[in-house]
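>
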Amino acid sequence: MKLLIACDRKHHVLAIKDSHIGKIRNEAPDLEIVVAETADAAKKELHDADILLTNPYIYPGTSAARKLKWVHATSAGVERFPPDDFRGIILTNSSGIHALPMAEYAAAVMLAFEKALIPLSRSQKRREWNRGHHTSELRGKTAGILGLGRIGTEIARTCRALGMKVIGVTRDNGRTSEFADALKGHIDDVLKDSDYVISVLPATKETRHMLNEAAFSKMKKTARLISMGRGTVVDEAALVKALKAGVIAGAALDVFEKEPLPKESPLWEMENVIITPHNSSWSEKYMDRMTDLFIENLRAFLAGKKMPNEVDLQRGY
């Protein structure tokens, strides 16, 4: 049985290292393992591969495959994996490994807003001793989390540790959450009651532009948006309009409709916006966690059992 690994070996976060390959080999000593660092190189090795472990940015497709049974994505998002590629092929993702760094990112940007760290940094660059910036605290404020899966649950845990109230939205009337103080049945109830609206929603037809002009109008004028799921959830033109008009107070954006964010985007110049380059999930431990998850799936695959992280291609996650 052949495992083809289509992953960069040089990138500081997403590189597959000898230690990762060794760990996989220890789990399945009889597995033939081949590493390809580009999509073209992967295509040449795909014809007789049974398993493909791939970085989405160099995903080689499945058209050249003859024996392929399973593809594992090193990412949680699978928008780069066309559903038509998976006729008779299982797709799994790495959902869940991002939870801790993304929860810390949410805490970091909320604290940056509350402690005025961005304007204070600007004052520092101007050599200004400016004590006039308004500062506050997170304790007692409300975090509204859109997407209470594994990532959202870890964010909720972190918010609770900071003394925040946590609310979320769910379609399941019987669902409970250990770390949410309340679960609302409609997104509007979360928007109107939150000081921070945190989106970790996936990219689907249902979530596209869910956060639009109407949604922003329901938020508090003092509220801020944290977008760290998928950029298509936010209508960026409507967000710019809401920020300029003071409909909401600010935003921290890690994901965008188009990436990299175009240089002409007005978001770059807005003083009430924090922009990061889709790296809220990154950590030096990223590939360690991904490897552990892949091995968990590999055990199930070799035993003929259902794998934990199988993607529902109809839902898109």
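Read in the working numbering, the sequence shown has 150 at position 169, and its numbers run on one by one without any break.
For glycine and all other residues, C-beta sits at the position ideal for the given N, C-alpha and C.
1) Of all the alpha helix (DSSP H) runs that stay within the bounds of the stretch 150 to 213, which reach a length of 4 or more residues?
2) What residues in its chain sit with their C-beta under 6 Å from that of Val292, if we drop five residues either side in the sequence?
3) Taking the alpha carbon of Asp169 as the reference point, which residue from Val181, Leu182, Ala195 has its own alpha carbon closest?
4) So, at 7 Å on beta carbons, what are the nonlocal neighbours of Asp29 in its own chain, with the 5 sequence-adjacent residues on each side left out?
5) Whole angstroms is fine: what's the gap from Asn117's alpha carbon to Pro243's?
6) Please classify Leu72: does DSSP put it in a helix, a strand, or coil?
7) Express the C-alpha separation of Ala284 and Ala54 in angstroms, rounding to a whole number.
8) For Val215, collect the residues of the same chain with a Cβ closer than 6 Å to its Cβ; drop the 5 residues on either side in sequence, then sort them by chain order.
9) Give the DSSP-derived three-state secondary structure of Ile215 in the structure shown.
10) For my contact list, Ala93 and Ile(-14) are in at a C-beta cut-off of 8 Å; report their separation, rounded to the angstrom.
11) Checking the sheet assignment: what are the DSSP bridge partners for Thr123?
12) When the Cα of Glu277 is compared with those of Ala9, His(-7), Arg(-10), which residue comes out closest?
13) DSSP three-state call for Glu238: helix, strand or coil?
14) Taking only the alpha-carbon atoms, compute the straight-line gap between Leu172 and Thr151 and give it to the nearest angstrom.
15) Leaving out the 5 sequence neighbours to the left and right, which residues in its chain are closer than 6 Å to Ala233 when beta-carbon positions are compared?
16) Using 8 Å as the threshold, is the C-beta distance between Ala20 and Ile(-3) below it?
17) Give the single residue among Thr257, Leu248, Ile229, Ala219 whose Cα lies nearest to the Cα of Val236.
18) From what residue to what residue does the beta strand (DSSP E) around Val254 run?
Concretely, from the data shown:
1) 168 to 174, 194 to 199
2) Here residue 292 refers to the residue found at position 311 of the sequence shown. Within the same chain, Cβ atoms closer than 6 Å to the Cβ of Val292 are found at Val59, Leu72, Asn74, the five residues on either side in sequence being excluded.
3) Locating residue 169 in the sequence shown gives position 188, where the first residue counts as 1. The shortest C-alpha separation from Asp169 is found at Ala195.
4) Walking along the sequence shown from the start, residue 29 turns up at place 48. Correct list, in chain order: Lys(-17), Arg47, Lys48.
5) Numbered from 1 along the sequence shown, position 136 holds the residue referred to as residue 117. Numbered from 1 along the sequence shown, position 262 holds the residue referred to as residue 243. Note on residue identity: the sequence assigns Ser, not Asn, to residue 117. Using only the alpha carbons, I get a separation of about 33 Å.
6) Counting from one through the sequence shown, the residue named residue 72 turns up at place 91. Per DSSP, reduced to three states, the secondary structure at Leu72 is strand.
7) Within the sequence shown, the letter at position 73 stands for residue 54. Within the sequence shown, the letter at position 303 stands for residue 284. If you take the alpha carbons of Ala54 and Ala284, they lie about 20 Å apart.
8) Taking the first residue of the sequence shown as 1, we reach residue 215 at position 234. If we look at Val215 and ignore the five residues flanking it on each side, its Cβ neighbours are Leu192, Ser208.
9) Residue 215 sits at position 234 when you count from the first residue of the sequence shown. Rather than Ile, the amino acid found at residue 215 in this sequence is Val. It is a strand residue.
10) Taking the sequence shown and counting its residues from 1, the one referred to as residue 93 is at position 112. Taking the sequence shown and counting its residues from 1, the one referred to as residue -14 is at position 5. Actually they do not touch by this definition, with Cβ atoms about 37 Å apart.
11) As a position in the sequence shown, residue 123 is number 142, starting the count at 1. Lys146.
12) The residue given as residue 277 occupies position 296 in the sequence shown. The shortest C-alpha separation from Glu277 is found at Ala9.
13) Working through the sequence shown from its first residue, we reach residue 238 at position 257. Note: Glu238 maps to coil in three-state DSSP.
14) Residue 172 sits at position 191 when you count from the first residue of the sequence shown. Residue 151 sits at position 170 when you count from the first residue of the sequence shown. So the alpha carbons of these two residues sit roughly 13 Å apart.
15) Counting from one through the sequence shown, the residue named residue 233 turns up at place 252. Taken in chain order, the residues that qualify are Val90, Ile207, Ile255.
16) Residue numbering aside, residue 20 sits at position 39 when the sequence shown is read from its first letter. Residue numbering aside, residue -3 sits at position 16 when the sequence shown is read from its first letter. For Ala20 and Ile(-3), no; Cβs fall outside 8 Å.
17) If you number the sequence shown from 1, residue 236 lands on position 255. Ranking the options by Cα distance to Val236, first place goes to Thr257.
18) Against the sequence shown, residue 254 aligns to sequence position 273. In this chain, the beta strand (DSSP E) harbouring Val254 covers 254 to 256.
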